[in-house]
Amino acid sequence: MLLLSIESSCDETSVALVENGRRVLANEIASQIAKHVETGGVVPEVAAREHMTAILPVLRLAMEKANVTWKAIDAVAVTKEPGLIGSLVVGRMTAAALAFAQNKPLLEVNHIHGHLYAPWLYPAEDSGKPVLAPSEPQFPILVLTVSGGHNELVLMRGHGDFELLAESIDDAAGEAFDKIARLLGLGYPGGPAIEERARLGNPKAFDFPIALRKEKNFSFSGLKTSVFYRLKENEAQLSDEAFVNDVAASFQEAVVQALVEKLMRAVREYAPKEVHLTGGVSANRFLRGRIEEELSRLRDAPLFRWPTKMEYCTDNAAMIGAAAYFSSQKELPLALT
Ligand code: KG4
Ligand code: ZN
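Take 227 as the starting number for the sequence shown in this note's numbering and just add one per residue.
As structure tokens, then:
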């Protein structure tokens with residue numbers, strides 16, 4: 227089954243062609259990062275206008291890259307929610323128009339379900355060579371999704387059988403990375419910049435708080451406030467590279483510790499066959515390393531996976547194609563007409 231999928235919930239315009247929910251023939255992404263660097267974050271109206279300009283060129287590129295015609299495509303999938311409404315509308319209406327014009331079913335997908343399926347994806351080819359399918363993930367799977375807009379711990383017992391075990395009660399981890407990076411003058415998006423500077427700093431230099439330590443849910447707003455006041459007290463030191471590196475390292479340490487502690491507690495409670503890390507923050511090598519280290523201490527360690535390509539970590543349409551395919555295996559497609 228070949229799906230054409232569209233994602234436009236925030237600041238990435240993406241169109242993908244995905245076969246049987248895993249094999250990615252094309253995953254074209256137009257990032258608006260350059261635009262949002264000017265404002266230090268996403269301005270919803272600007273994002274929506276950028277999607278309007280990008281959507282058709284990205285669609286054309288994806289179809290050319292996959293080298294497919296409409297005859298081969300079985301359905302159109304699109305992100306329904308959550309997201310910025312102006313951004314979502316561009317993708318949703320484009321998908322609906324294509325499905326209507328080509329007489330194909332329209333499959334609507336929750337963006338977070340898309341992130342849950344990102345570790346299932348693999349590219350059809352790499353540097354011109356065909357890629358073999360990695361092993362099929364085995365349920366139950368414990369998934370930690372860490373993004374800019376959301377943060378969840380989900381138990382996947384089967385396709386479409388998801389239990390939300392925990393979520394952030396305020397900010398998502400990625401948002402905290404972005405805000406702290408802005409305070410440190412490191413630009414947008416903050417995650418990669420903080421990770422780079424943290425490598426040069428001392429994670430024990432500052433003792434930033436970890437919230438809700440005994441509870442399942444996540445909370446990062448207290449940490450953000452604590453870093454904010456620490457920087458306010460030491461404003462003059464912001465020009466000191468070593469100070470910035472230490473704040474970045476100590477902040478990253480607090481986020482990673484909070485994520486890993488809660489993840490490991492859930493691993494012990496639910497004994498999953500696999501642990502998946504997904505969402506934009508899954509690109510963080512320090513976080514992956516810490517999870518790997520903790521899992522390796524277990525006697526019956528579950529298999530640990532994260533998205534096989536960097537572009538599947540952050541928002542992309544391939545993950546929407548995967549989620550749509552696997553959920554269409556359970557229910558009848560939502561036909562447009
Ligand atoms: O999943 P995503 O593309 O967007 C949402 O659906 O929210 O995640 C974007 C987030 C941004 O906050 C960005 O700073 C963060 O992922 N991110 C990282 C790294 N790369 C991207 N955070 C920490 N370390 C990274 N290497
Ligand atoms: Zn996302």
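Ideal Cβ placement from N, Cα and C applies to all residues, glycine included.
What is the rounded straight-line gap between the Cα of residue i and the Cα of residue j?
i, j, result
"Leu562", "Asn510", "Low local confidence applies: a pLDDT of 41 at Leu562 is under 50, so the model's placement there is unreliable, and no value is given."
"Glu461", "Val453", "12 Å"
"Ile232", "Phe326", "15 Å"
"Lys450", "Ser313", "27 Å"
"Val244", "Leu229", "5 Å"
"Ala274", "Leu282", "14 Å"
"Leu503", "Ala468", "30 Å"
"Leu333", "Ser465", "51 Å"
"Pro498", "Leu347", "20 Å"
"Arg439", "Phe432", "18 Å"
"Val316", "Leu287", "17 Å"
"Ser257", "Thr239", "7 Å"
"Pro349", "Arg249", "6 Å"
"Leu262", "Asp526", "Contrary to the premise, residue 262 reads as His rather than Leu in this sequence. For His262 and Asp526, the distance between alpha carbons rounds to 45 Å."
"Lys488", "Arg516", "13 Å"
"Leu560", "Thr540", "The predicted model places Leu560 with a pLDDT of 44, which falls under 50 and marks its position as unreliable; any figure quoted below should be read in that light. Distance between the alpha carbons of Leu560 and Thr540 is about 26 Å."
"Leu558", "Pro331", "Its pLDDT being 44, under 50, Leu558 is placed unreliably by the model, and the measurement read from it follows with that caveat. Using only the alpha carbons, I get a separation of about 10 Å."
"Ala474", "Gly427", "7 Å"
"Glu351", "Asn542", "18 Å"
I'd like to know whether the C-beta atoms of residue i and residue j end up nearer to each other than 7 Å.
i, j, result
"Gln478", "Ile406", "no"
"Ala392", "Asn336", "no"
"Ala544", "Asn253", "yes"
"Gly505", "Ser394", "no"
"Val241", "Val268", "no"
"Val501", "Leu324", "no"
"Leu409", "Leu457", "yes"
"Phe512", "Ala480", "no"
"Gly340", "Tyr551", "no"
"Trp532", "Pro360", "no"
"Val304", "Ala280", "no"
"Leu381", "Tyr496", "yes"
"Leu445", "Asp404", "Going by the sequence as given, residue 445 is Ser instead of Leu. No, Cβ-Cβ distance for Ser445 and Asp404 is not below 7 Å."
Mind checking which residues open and close the alpha helix (DSSP H) that includes residue i?
i, result
"Gly340", "His337 to Tyr343"
"Ser394", "Taken as a continuous stretch (DSSP letters only), Ser394 belongs to no alpha helix (DSSP H), as it is neither H nor E."
"His262", "Ile259 to Val263"
"His277", "Pro270 to Ala292"
"Glu519", "Arg511 to Ser522"
"Asn471", "Glu467 to Tyr496"
Could you check if residue i belongs to the surroundings of the ligand KG4, using beta carbon to heavy atom distance under 6 Å?
i, result
"Ser509", "The identity of residue 509 in the sequence shown is Ala, whereas the question assumes Ser. It does: the Cβ of Ala509 is within 6 Å (strictly closer) of some heavy atom of the ligand KG4."
"Phe454", "no"
"Gly266", "no"
"Glu307", "no"
"Asp404", "yes"
"Gly247", "no"
"Glu422", "no"
"Gly312", "no"
"Pro415", "yes"
Distance cutoff 7 Å, beta carbons only. Does residue i sit that close to anything in chain B?
i, result
"Tyr348", "Absent here is chain B; the protein component of the structure consists of one chain."
Q) Quick one, what's near the ligand ZN if you take every residue whose CB is closer than 5 Å to any heavy atom, in chain order? A) Ser373 and Asp541
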